[in-house]
Structure formats: structure tokens, C-alpha cells
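K.L.:
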Amino acid sequence: MTVGLMIMNPIIASLKVNPKILIAIGAFVAVVGAILSAGVTRFEYFLVTFACVVGIGIGFCYFPPL
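This note's numbering numbers the first residue of the sequence shown as 22 and each following residue consecutively.
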């Protein structure tokens, strides 16, 4: 999850988009990742869906309030 944050923060900082839109997109991606990770049966898929997808969603939500 930390890697997703580290990757997405500089990208999000360079975008000139309304912060409400970025937070909505990030929340959607994080929720979809959490729902997908609840339905997987293998640990590898869980790592990809939870750590990567939720991390990217949190990366979208983290920077705009600053």
C-alpha cells in the first residue's frame, strides 16, 4: 500500500483537477479494491488487489486535502 502512495502522490500533485473529483475517484478505486480483495481465494491475488489497488486509491485521496 505504501508503494501505491509513493507512486501516486507525485502524479496527483502534478494534476490540475478539482480536489473533490480526485477524492471521489480515489475512494471509488479503494472501495473496489477492498471488495475485490474480499472475494479472492489465493494470497497472491489478495496482495495485488488489496496492496496495489487500494494503495493507488488511497494515493488519490491522500494528496488533495494538503
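Backbone N, C-alpha and C fix where the C-beta goes; we use that ideal spot for every residue, glycine too.
In this text, all values refer to a predicted model and were calculated from it rather than measured experimentally.
Between the Cα of residue 54 and the Cα atoms of 24, 27, 76, which residue gives the shortest distance?
P.N.:
Taking only the C-alpha atoms, the option nearest residue 54 is 76.
K.L.:
Give me, in chain order, the residues of the same chain whose beta-carbon lies closer than 7 Å to that of residue 70; leave out the 5 immediate sequence neighbours on both sides.
P.N.:
Excluding positions up to five away in sequence, the list reads 54, 57, 58, 61.
K.L.:
For residue 46, I'd like the list of residues in its chain whose CB is within less than 7 Å of its CB, leaving aside the five on either flank, ordered along the chain.
P.N.:
Excluding residues within five positions, the ones whose Cβ falls inside 7 Å are 81.
K.L.:
On the DSSP letters alone, give me the boundaries of the alpha helix (DSSP H) that residue 41 sits inside.
P.N.:
Residues 40–59.
K.L.:
How is residue 85 classed by DSSP in three states: helix, strand or coil?
P.N.:
Coil.
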